[in-house]
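Have a look at the structure below, then the notes.
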Amino acid sequence: MLDHPNHFLLSPLAAIMDNLLHISSSWTWVTPNSISYFHILVAVLAGKCVSSDSLSYRRLGVILFQARTWLDDLDGHVARKRANIAGERSDVGSNGYIVDGVCDAVGCLALIIGLYQFLVRNSSRRGGYDKLLQLPVSSSIVEPGNGIQKNSNIALRNILLITVHLFLTSATWNRYIYLYQDLLETNYRTPSISRERLYARQTIIIRSLSFWIIVLCWKFVNFHAMMDYLLLAIFFDRMREYVKLVRWSSYVIVLLLVYVTEFHFLRAYTYVRDVSSLIDEQISSTDVFTQG
């Protein structure tokens with residue numbers, strides 16, 4: 013369910029860097045938390061660059077934030093290596109998991125603040141060009157402060173819409189990653205189902221077309237993917253067009269995907285855990301107890 017840049021580029025680069033430098037095994041003074049703290053500083057620099065009126069500086073900010081994302085992959089890779097956790101499974105609830113989540117939130121907030129400052133000063137820009145000013149039709153003079161306040165309000169509204177959508181996407185995406193991992197990557201089973209039957213049912217779900225359609229959808233709509241789209245809009249100087257495109261439609265897309273994913277997970281959970289058989293057994297035992 014990871015986005016394509018992270019899955020095919022940044023995560024492999026983190027693993028390659030660790031294999032070359034042996035960070036997880038030899039650099040004992042470098043902890044995953046220290047990497048998380050460091051990429052906050054990188055994110056702050058990225059936010060500062062993004063707030064600039066210069067397109068070159070904003071593009072530099074995009075590159076810096078992608079470097080922050082790579083560091084985020086690196087701290088997770090190092091943490092899993094030292095904890096002997098295979099694959100990409102997160103140690104949910106651990107101290108490192110919480111610290112990494114907080115640092116990610118602070119880093120994204122730094123970028124959002126920088127973007128807000130840019131939009132306040134450049135709300136009239138369209139595709140890299142300033143809109144022509146309209147000549148007043150009356151003798152009244154518009155106060156400069158009124159225009160600044162209006163720009164600030166518009167920028168704040170757009171930034172809040174983007175921020176809330178990112179939070180919603182992050183919360184739901186992380187929830188379904190945890191739920192599906194707990195369902196499909198576990199040995200826990202109820203007494204009503206054998207271990208072999210559990211593995212067979214997990215395999216059927218993983219190989220099902222509906223599961224892969226949902227995974228593919230989340231690859232394009234998850235939190236990291238939405239950040240990638242935002243960074244592309246900044247890099248190509250199309251923030252105004254991007255905001256107009258996603259400020260409402262993005263909510264419809266993610267809420268629809270959440271509805272479909274929730275429905276699929278509940279069906280998969282019932283099938284894998286053999287909940288119907290367990291309920292039948294409980295009903296039967298209750299009937300026996302009542303008759304006795």
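At position 157 of the sequence shown (counting the first as 1) the number is 169 in the numbering used here, and the numbers step up by one without a gap.
Even glycine gets a Cβ: it sits at the ideal position worked out from N, Cα and C.
Exercise. By DSSP, does residue 97 sit in helix, in strand, or in coil?
Worked result: Stepping through the sequence shown from its first residue, residue 97 is reached at position 85. Coil, per DSSP.
Problem set entry | Contacts around residue 23, its chain only, beta-carbon distance under 6 Å, and the 5 residues preceding and following it disregarded | The residue given as residue 23 occupies position 11 in the sequence shown. Contacts found: 85.
Exercise. Are the CB atoms of residue 44 and residue 118 nearer to each other than 7 Å?
Worked result: Here residue 44 corresponds to residue number 32 of the sequence shown, with the count starting at 1. Here residue 118 corresponds to residue number 106 of the sequence shown, with the count starting at 1. In this structure, residue 118 does not lie closer than 7 Å to residue 44 by Cβ.
Exercise. What is the DSSP secondary structure of residue 104, reduced to helix, strand or coil?
Worked result: By one-based count along the sequence shown, residue 104 stands at place 92. In the structure shown, residue 104 sits in coil (DSSP, three-state: anything other than H, G, I, E or B).
Problem set entry | Rounded separation between residue 83 and residue 165 - CA only | Taking the first residue of the sequence shown as 1, we reach residue 83 at position 71. Taking the first residue of the sequence shown as 1, we reach residue 165 at position 153. The straight-line gap from Cα to Cα measures roughly 34 Å.
Exercise. From which residue to which residue does the alpha helix (DSSP H) around residue 45 run?
Worked result: Within the sequence shown, the letter at position 33 stands for residue 45. First-last of the alpha helix (DSSP H) with residue 45: 44-62.
Exercise. When the Cα atoms are used, what is the spatial distance from residue 63 to residue 81?
Worked result: Against the sequence shown, residue 63 aligns to sequence position 51. Against the sequence shown, residue 81 aligns to sequence position 69. Computed Cα separation, rounded: 19 Å.
Problem set entry | Helix, strand or coil at residue 35 according to DSSP, with G and I counted as helix | Walking along the sequence shown from the start, residue 35 turns up at place 23. Reduced to three states, the DSSP call for residue 35 is coil.
Exercise. Which first and last residues belong to the alpha helix (DSSP H) in which residue 208 is found?
Worked result: Counting from one through the sequence shown, the residue named residue 208 turns up at place 196. That run of the alpha helix (DSSP H) goes 207-219.
Exercise. Residue 47: buried (16+ other C-beta within 10 angstroms of its C-beta) or exposed?
Worked result: Residue 47 sits at position 35 when you count from the first residue of the sequence shown. Residue 47 should be labelled buried.
Problem set entry | Cβ distance (whole Å) where residue 195 is taken to contact residue 284 below 8 Å | As a working note, residue 195 is residue 183 in the sequence shown. As a working note, residue 284 is residue 272 in the sequence shown. Between residue 195 and residue 284 the beta-carbon gap is near 6 Å, inside 8 Å, which marks them as a contact.
For this session: With DSSP collapsed to three states, give me the class of residue 285.
Result: Walking along the sequence shown from the start, residue 285 turns up at place 273. Looking at residue 285 - three-state DSSP - the assignment turns out to be coil, as it is neither helix nor strand.
Exercise. Beta carbon of residue 249, beta carbon of residue 67: below 7 Å?
Worked result: Translated into positions along the sequence shown, residue 249 becomes position 237. Translated into positions along the sequence shown, residue 67 becomes position 55. Yes, these two residues count as a Cβ contact at 7 Å.
Exercise. Roughly how many angstroms lie between the CA atoms of residue 253 and residue 233, to the nearest whole one?
Worked result: Along the sequence shown, one-based indexing puts residue 253 at 241. Along the sequence shown, one-based indexing puts residue 233 at 221. Between residue 253 and residue 233, the C-alpha separation is close to 19 Å.
Exercise. For residue 216, does the count of other Cβ atoms within 10 angstroms reach 16, so buried, or fall short, so exposed?
Worked result: Mapped onto the sequence shown, residue 216 falls at position 204. Flag for residue 216 reads exposed.
Problem set entry | Nearest-angstrom Cα separation, counted from residue 72 out to residue 171 | Against the sequence shown, residue 171 aligns to sequence position 159. Against the sequence shown, residue 72 aligns to sequence position 60. When rounded, the distance between both Cα atoms is 21 Å.
For this session: Reducing DSSP to helix, strand and coil, say where residue 185 ends up.
Result: Working through the sequence shown from its first residue, we reach residue 185 at position 173. Here residue 185 sits in helix by DSSP.
For this session: Indicate the three-state DSSP secondary structure (helix, strand or coil) for residue 134 in the structure shown.
Result: The residue labelled residue 134 in the question sits at position 122 within the sequence shown. In this structure, residue 134 counts as coil in the three-state DSSP scheme.
Exercise. Do residue 59 and residue 108 come within 7 Å of each other at the CB atom, strictly closer than that value?
Worked result: Along the sequence shown, read from residue 1 onward, the residue named residue 108 stands at position 96. Along the sequence shown, read from residue 1 onward, the residue named residue 59 stands at position 47. The answer is no: Cβ separation not under 7 Å.
Exercise. How big is the Cα-Cα spacing for residue 311 and residue 113?
Worked result: The structure shown has nothing for residue 311, since the chain only spans 13 to 304.
Problem set entry | Per-residue burial, residue 200 [other beta carbons within 10 Å of its own, 16 or more giving buried] | Residue numbering aside, residue 200 sits at position 188 when the sequence shown is read from its first letter. Residue 200 is exposed by the Cβ-count criterion.
Exercise. Does the Cβ-Cβ distance between residue 243 and residue 74 come in under 7 Å?
Worked result: The residue given as residue 243 occupies position 231 in the sequence shown. The residue given as residue 74 occupies position 62 in the sequence shown. Yes, Cβ-Cβ distance for residue 243 and residue 74 is below 7 Å.
Exercise. Any idea if residue 211 is buried or exposed, counting beta-carbon neighbours within 10 angstroms, 16 or more meaning buried?
Worked result: In the sequence shown, residue 211 corresponds to position 199, counting from 1. Burial call: exposed.
Exercise. Residues in its own chain within less than 7 Å of residue 77 by CB, not counting five upstream and five downstream?
Worked result: Locating residue 77 in the sequence shown gives position 65, where the first residue counts as 1. Result list for residue 77: 55, 58, 123, 243, in chain order.
Exercise. Shortest alpha-carbon distance to residue 278 belongs to which of 120, 192, 245, 209?
Worked result: On the sequence shown, position 266 is the one that residue 278 refers to. The shortest C-alpha separation from residue 278 is found at 192.
Exercise. Can you tell me where the alpha helix (DSSP H) with residue 241 in it begins and where it stops?
Worked result: Start at 1 with the first residue of the sequence shown, and residue 241 comes out as number 229. Run containing residue 241: 235-247, per the alpha helix (DSSP H) assignment.
For this session: Helix, strand or coil for residue 197, going by three-state DSSP, please let me know.
Result: Position 185 of the sequence shown holds residue 197. It is coil, neither helix nor strand.
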